[in-house]
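Here the structure is laid out as structure tokens; the discussion comes afterwards.
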């Protein structure tokens, strides 16, 4: 399709578990849009060196068509980590959510736990959440830029193809945003169903310990 240069990520995103022997703490890292595992691993290594177990996963932004798409990937994460029963979950759990891709994955998983056996027990083990450049409500223009850049990085695609894709995304997301607004005139919880930011605001059982990291670039 586009002009490709450089190495292509050889494997699809997957759940990677690293349990440190005798560790009573687990940090679940959920990556940002377009994040390759080798980058997320650098963050996980800090925890590993401190004797803290980690699980890392990044929802593939190419396959996301809106917040409802994240429910499918939350189910994938649940199957790999909980349903198979291969990994003992430590007593203390923390989430480290990167950008809105990680935040959206988290909210979808948090809702899924309400519908699965043992979900309430796991939630009781969650001691806190680190929000890294999230949560935030993104405009159609911001979303189109982030998705197009993550899906068609400069190292692999010519700018012409990326900008064309961004323009189509912007048009699609703008129409979707308008439809959601009209739908919200008839139903009160529409924004919670369609946007992770509003879903996050409405969740009542989040742990009290929450840390937010933001930088100057997050305003763009």
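Numbering (full-length UniProt numbering), first residue to last: 1 to 220. The C-beta atom is built at its ideal place from N, Cα and C for all residues, glycine as well. Just so you know, these numbers come straight off a predicted model, no measurement behind them.
| Going by beta carbon distance, what residues of the same chain come within less than 8 Å of residue 92, once the five residues before and after it are set aside? | For residue 92, where only same-chain residues beyond five positions count, the Cβ hits under 8 Å are 24, 25, 26, 125 and 127.
| message | Let's test the definition: count the other Cβ atoms within 10 Å of the Cβ of residue 77 and tell me whether it reaches 16, buried, or not, exposed. | response | For residue 77, the number of other beta carbons within 10 angstroms of its own is at least 16, and it is reported as buried.
| query | When the Cβ atoms of the stretch 196-212 are set against those of the stretch 134-141, are three or more pairs found closer than 8 Å? | reply | Short answer: they touch.
| request: Could you name the residues of the same chain whose beta carbon sits closer than 7 Å to that of residue 190, not counting the 5 residues immediately before and after it, in chain order? | output: Closer than 7 Å at Cβ, skipping near neighbours: 180, 183 and 184.
| field | Three-way DSSP call (helix, strand, coil) for residue 61 in this model | value | Of the three classes helix, strand and coil, the one that applies to residue 61 here is helix, per DSSP.
| said: Let me check one thing: in DSSP terms, what residues is residue 92 bridge-paired to? | reply: Paired residues: 25.
| Using 8 Å as the threshold, is the stretch 65-74 in touch with the stretch 97-117, meaning 3 or more CB pairs across them? | By the C-beta criterion, the stretch 65-74 is judged to be in contact with the stretch 97-117, since at least 3 inter-stretch pairs fall below 8 Å.
| What residue does the beta strand (DSSP E) around residue 17 start on, and which one ends it? | Going by DSSP, residue 17 is part of the beta strand (DSSP E) stretching over 16-18.
| request: Consult DSSP for residue 139 and reduce its assignment to one of helix, strand or coil. | output: DSSP, read as helix, strand or coil, puts residue 139 in coil.
| request: State the Cα-Cα distance for the pair residue 174 and residue 63, rounded to the nearest angstrom. | output: Near 19 Å, if we compare the C-alpha coordinates of residue 63 and residue 174.
| request: Please classify residue 188: is it buried, with 16 or more other beta-carbons within 10 angstroms of its beta-carbon, or exposed? | output: So residue 188 counts as exposed.
| request: Kindly give me the distance between the Cβ atoms of residue 58 and residue 37, rounded to whole angstroms, as I take these residues to be in contact under 8 Å. | output: The beta-carbon distance between residue 58 and residue 37, rounded to whole angstroms, is 7 Å. This is short enough to meet the 8 Å contact definition.
| task | From the DSSP output, read off the bridge partner residues of residue 128. | result | Residue pairing by DSSP places residue 128 opposite 94 and 209 in a beta bridge.
| task | Identify, in the order they occur along the chain, each residue of the same chain with its Cβ nearer than 6 Å to the Cβ of residue 9, setting aside the five sequence neighbours on each side. | result | Residue confidence is low: residue 9 scores 45 on pLDDT, short of 50, so the model does not pin down where it sits. No coordinate-derived value is stated.
| task | Using three-state DSSP, classify residue 55 as helix, strand or coil. | result | Annotated three-state conformation of residue 55 is strand, per DSSP.
| query | Under the three-state reduction of DSSP, which class applies to residue 185: helix, strand or coil? | reply | The three-state secondary structure of residue 185, taken from DSSP, is coil.
| request: Please classify residue 54: is it buried, with 16 or more other beta-carbons within 10 angstroms of its beta-carbon, or exposed? | output: Counting Cβ neighbours within 10 Å, residue 54 comes out buried, since at least 16 surround it.
| said: I'd like the list of long-range same chain contacts for residue 89, defined as Cβ closer than 7 Å, with 5 residues on each side in sequence excluded. | reply: A distance below 7 Å between beta-carbons, with the five flanking residues on each side excluded, links residue 89 to the following residues of its chain, in chain order: 26, 122 and 125.
| Which residue comes first and which comes last in the alpha helix (DSSP H) that contains residue 111? | Start and end: 99-113.
| message | So, under 8 Å CB-CB, residue 80 and residue 15 are touching, yes? Tell me the CB distance rounded to an integer number of Å. | response | Separation of the CB atoms of residue 80 and residue 15 is rounded to 4 Å, and the pair is thereby assigned contact status at 8 Å.
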